[in-house]
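Mapping of the sequence shown onto my numbering: residues 110 to 184, in sequence order. Even glycine gets a Cβ: it sits at the ideal position worked out from N, Cα and C. What follows is a set of notes on a single structure, which appears directly below.
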Amino acid sequence: MTRTRSDALWVGAFALLVAFAVPWFLWGDATVVAGLPLWLWWHVGWMALASVAFAAFARGDAWDRGVDAEVIRRG
């Protein structure tokens, strides 16, 4: 994959993560799941997804984009 295409995919992925970080579509929804509001479950799940996305970003070849740090590859 070319660097430009890879950059565009990462920008798109992080834009989606930011856009849906606030569950605006759940505003006013009083649904409760396992004793907690649904919006809280959304937030927990979304943060887990964001963690996975950032781990993939940091471990892949994308880390050097805009980050002025040496990349050290481990076995």
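query	result
Residues near Thr140 by beta carbon distance below 6 Å, same chain, minus five either side	Leu147
Supposed close pair Trp150, Val142 - CB separation, criterion 8 Å	6 Å
DSSP three-state assignment for Val131, whether helix, strand or coil	coil
Beta-bridge pairing of Leu145 - partner residues as DSSP gives them	Val142
Whole-Å CB distance - Trp133 paired with Ala171, under 8 Å assumed	Their Cβ separation, rounded to whole angstroms, is 28 Å, which puts Trp133 and Ala171 out of contact at 8 Å.
Own chain, CB closer than 6 Å to Ala159, minus 5 neighbours either side, in chain order	Leu126
Where Asp116 sits in the DSSP three-state scheme	helix
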